[in-house]
Structures are given as structure tokens and as C-alpha cells.
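One structure is given here, and the rest of the page talks about it.
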Amino acid sequence: MNLLLNDDKNFAKGTISFPATKRFDVLVAGGGLAGFAAAVSAARNGASVCLIERTQTIGGTATAGLMNLFYAPYNGLTGIGKELFERLVAKKAAIPDETVPFDIEQCTLEMFDMLQEAGVRLLLDTWVVDVIRDNADIAGVCTLNKSGFSAILACRIVDASGDGDVCAAADYAYMMGRESDQMMRPMTLLFSIGGIDVNRLVSYVQENPSQFAPDPNQCIVNMELGELRIFGFFDLVRKARENGDLDDTFHYFRIESIFADKGIGTVNTIRIYKVDGTSGDDISAAVISARKQQKQLLKFMRSYIPGLENCYLLTSAQSIGVRDSRRIVGEYKMTEDDITDQVVFTDCIGIGKNRQVLGFKGEGHSPDGGEGSEKDTVIREAIADYVEYQIPYRILIPKDSKRILVAGKIVSCDIMANKHLRNQPPCMITGEAAGAAAALSVSSGVNVGDIDIRRLQVMLGIDPTLI
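First residue of the sequence shown? That's -1 in this note's numbering, and the numbers climb one at a time after it.
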């Protein structure tokens, strides 16, 4: 394909012609946990499935993004998520407790195995760049990889891209950020460190309880199981700021998924504000800013934190963590009131289970900054609630969609419900449901909004007494 420079000094892309070499029942865009679950679910329910992922691995934020913390009690896991983590626990690659930290490489291997066992066709290192229309409907996607452009046709599409890229290309309406001003949560670059003196670190935490978040289910020190997740070091961070060793944006230090026997852990402290995850320029600027913060944090850890004097950088995330961007306008918009009121949905496709501080004061990653500061009651004071809530099928359907479903953090909800639904366990729930629904839609010959909900619920193992 050639680009032509016209008289207005703009580049014009001419008509592109290339064959549609691949056809599938279900196409899944995005190989994070939601897309992984969608692809496995659709394939297990009889569909031919293609999973397209822009990186060269599977798992998204959980693997390439280094977020190796499932953030839900192990005994509350269901479906494909439960199956994956049972496999990891059996290999001693996950800790079956309150937050379920896991070994990233073993998790990646298990997901590749499950996809191959289900017969999913994988296209890695491949971007979805546009949609293909068949009259008014979406018939497939245009992709780009080392082989160039190609067309992939599909009867149904699951957008699990994390940013709603397919839906945006198909002109479906979406929301972004906070309803009042469209400001979005900060981005994060996670990185792991080695060389942790775990006993020295834990001793400091136990001897200085006022310097750490008070919630025992969020700030966890369980040496018996080897589960460590630590928020705080408030005075040490303040001292480093006063000494000019940390920027004013830092108010606490957060390290989690600490494997005590290996002396390694994941640092989740970098925050980049006022950036848009759908902007290429913003993502580039965020990565540069994150690397500067990372250098500061490495020096801070070695100079200030007992037990981290000899720590070293082990690895950094392959991609920056985007907490929220587009959320699709769907057939129903879920709210946090639905969660707190425990609304019963006749089209329930799964039960979310996690710990969260409810309400606007419960935003742990405010777009306004100040995370971990004395004004941040979520970190400094709150004890999170254990919540269980039903997730309705309609939030997976873009408004008036016939062939496209969504899964993961882009489902239709307000910003506060998104605080719950963007986490990994609900992403796998919505992914599994979207994959099964797409397969059912194809086999039944009906649009995604017209499937037999009860059949879908049976496929997902939903207890009928709940609804």
C-alpha cells in the first residue's frame, strides 16, 4: 500500500484490496485475561475461534503488564478463572489465599496450553486496525502484522482489546473516564525486584504498624503461606520527598506479590496522571515519565527501606498499565449502586467477588492525584468491604449491536462500577460469558441480543436459584 501526499499536505490512503484468507465463527480481539477466557469459552462451546493479540504473549496486564495478583479470594473464583488457578496451585505457582499472587511465566504457559487444548487459532504480534463492513453489519476486521494487511472474517466478534478498539472503529458509542470531567485513572509501569531480605522487611512492617495501611485484607503479611502485600512506608516516603529523593507525587510505597522463598516482589508505585490510554503520544510520554520515576524508586528502596538495601531490578512490564479508557455504551449501564444494592439480574452471567471500599471515597486511584497521601482515606484509614454482585449480560452488548460483544474493563458501566469490573476476576467472568454467548449466537442463528439467556446461563453453570 502506498500513501499519497495531496495538495493539502495530508496523506491519503487509497482503496486497499487484499483477500479475506481466514474465516471463523468467533473472532476475539485482545489476548488479555478477558480475551483468553472468551476464546477458550467460545471454542469449548463448538465455535471455530481466532484470537488476535498485539503482543507476542497471552495474558495482557496479568503477564506482559506484570500484574501477577488476581485480587480476589481464591475460594471465590469461578469458571475458567478457577480452572486456570487450580492448575497453577497444583504446580505451586500461585498462593491460594486472599489475593492469589501467581508466577507469571507458569501462568503464561498454562494459558497457552488451555488455548491449544481448546483448538483456538492464535495470531500474535498482530494489530486490529479497522473493521470490515457487510452493508450495515460488521463482518470482520482488518489486521496488520509482519505479513502486511489481511482481512479476517467472522460471524461474531468479541472486543476484549482493553480500549474498545474494535467498537470504536465500528462507530459504537463509548464513555471515557470520570463522568464529570472525563479524567482517567493514572497509568502504572509495574516492575519486579530481586534481592529482598524478606525477614528484615517483615520485621520493619510488624514493628511499625502505624506506617502502613490498616486493612489486613489489603496490606497482608502472611509468612505461613508466603503471601506478602505491603502498602505504606508513609514516613520514609515523606522523608525522601523532603530530601529531594522522590518527587512530590509520591506519598506511599507499594510492593506486592512478594514470594518470600525467592526474595522477589512486584513494585506497584509508579503513577502517571492526566494521560489518555487511547492516545499514542500520551502512551509514549507516560512510558518516558514512568522510567524516570522507576530510577527514583530504585534509589529510594536501597537508601530508605529496611530489607531492600540490596535489591536489584529484575524485570519491567512490557507494556504500561492503563487502568481505564473507553467504556462501551451498552444495552444496560451498570452502576456501583447495582453492586451495593446487590441487584438481582434475570440475565446474570456471573458473580463478581472482591474487596473494595465502596462509594466515591473508595476510589483507590483517583485521577486527581494524592494517592496514599494523608487525604487518601482509602489507603490510610479504610477497611474494604467484601462484595458479591451479579453481572448482567446486557453490559456486554454495545447499544444496537447484532454481531459484536465486549469483555473486560470496557463493559458498559459507570466509572465507579468500573472500579470493580476492571479487575482481573470480573474480566475473566465477562470474557467467558462473551465467548459462550458469541458461540451460542452463531449456532442459534440469532443476533447477540436475541440469544436464549437461560441456555447461556446453563452453559456458564449459573445457579438458577440466584435469579
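Where a beta carbon is used, it is the ideal one built from N, C-alpha and C, also for glycine.
| query | result |
| --- | --- |
| Gln204 versus Met174: straight-line alpha-carbon distance, rounded | 41 Å |
| Same chain, Cβ closer than 6 Å to Gly370, neighbours up to 5 away in sequence not counted | His249, Tyr250, Ile377 |
| Leu464 classed as buried or exposed, judged by whether at least 16 other C-beta atoms fall within 10 angstroms | exposed |
| Cβ pair Asn215, Glu96 closer than 8 Å | yes |
| Test item: CB-CB of Glu386 and Gly350 under 8 Å | yes |
| Local conformation of Phe482 per DSSP, three classes | For residue 482 there is no data in the structure shown, the boundaries of the chain being -1 and 465. |
| Separation of Asn43 from Arg227, as counted between CA atoms | 38 Å |
| Spatially closest choice to Phe298 from Ile408, Phe231, Asp398, by CA coordinates | Phe231 |
| Contact belief for Leu188 with Thr264 at Cβ below 8 Å, rounded distance in angstroms | 6 Å |
| Selected residue, minimal CA-CA separation from Ser223, among Phe100, Ile50, Gly33 | Residue identity check: residue 223 is Leu in the sequence provided, not Ser. Checked all of Phe100, Ile50, Gly33; the closest Cα to Leu223 is Phe100. |
| As assigned by DSSP and simplified to three states, the class of Thr463 | helix |
| Whole-angstrom C-beta distance between Val98 and Ala70, which should lie under 8 Å | 7 Å |
| Sub-8 Å separation of Val126 and Ile50 beta-carbons | yes |
| Collapsed DSSP secondary structure at Ser148 in the structure displayed | strand |
| Cβ pair Arg500, Ser441 closer than 8 Å | In the structure as shown, the chain starts at -1 and stops at 465, and residue 500 therefore has no counterpart that could be examined. |
| Where Leu49 falls: helix, strand or coil (DSSP) | strand |
| DSSP beta-bridge partners of Met457 | Beta-bridge pairing links Met457 to no other residue. |
| Close-in-space but distant-in-sequence residues of the same chain around Arg52 (CB under 6 Å, 5 per side omitted) | Trp125 |
| Within 8 Å, strictly: CB atoms of Gly58 and Ile408 | no |
| Bridge partner(s) assigned by DSSP for Ser159 | According to DSSP, which records beta bridges pairwise, Ser159 is partnered with nothing at all. |
| Nearest neighbour of Lys80, chosen from Thr55, Gly63, Met109 [CA to CA] | Met109 |
| Bridge partners - Gln354, DSSP secondary structure assignment | Asp383 |
| Cutoff 8 Å; reference Arg420; Cβ partners in own chain excluding five residues on either side | Arg321, Asp322, Gly406, Lys407 |
| Coil, strand or helix - Pro94 by DSSP | coil |
| CB-CB length for Ala62 against Ala315, believed under 8 Å | 7 Å |
| Validate contact between the region 258 to 275 and the region 294 to 314 using beta carbons, cut 8 Å, 3 pairs | yes |
| Spatial distance of Leu244 from Lys290 (CA atoms) | 11 Å |
| Bridge partners - Gly230, DSSP secondary structure assignment | Phe210, Phe251 |
| Beta-carbon proximity list for Ala258, same chain, < 7 Å, skipping 5 on both sides | Val196, Met221, Gly224, Leu226 |
| Span separating the alpha-carbon of Leu82 from that of Ala434 | 17 Å |
| Segment contact, 8 Å Cβ cut-off, at least three pairs: the region 176 to 195 with the region 272 to 281 | yes |
| Three-state class that DSSP yields for Pro423 in the structure shown | helix |
| Ordered list of beta strand (DSSP E) runs contained in the region 241 to 296, each at least 3 residues | 251 to 257, 262 to 265 |
| Cβ-Cβ separation, Tyr302 to Ala211 (assumed contact under 8 Å), whole Å | 18 Å between Cβ atoms; not a contact. |
| Spatial distance of Ile93 from Ile136 (CA atoms) | 42 Å |
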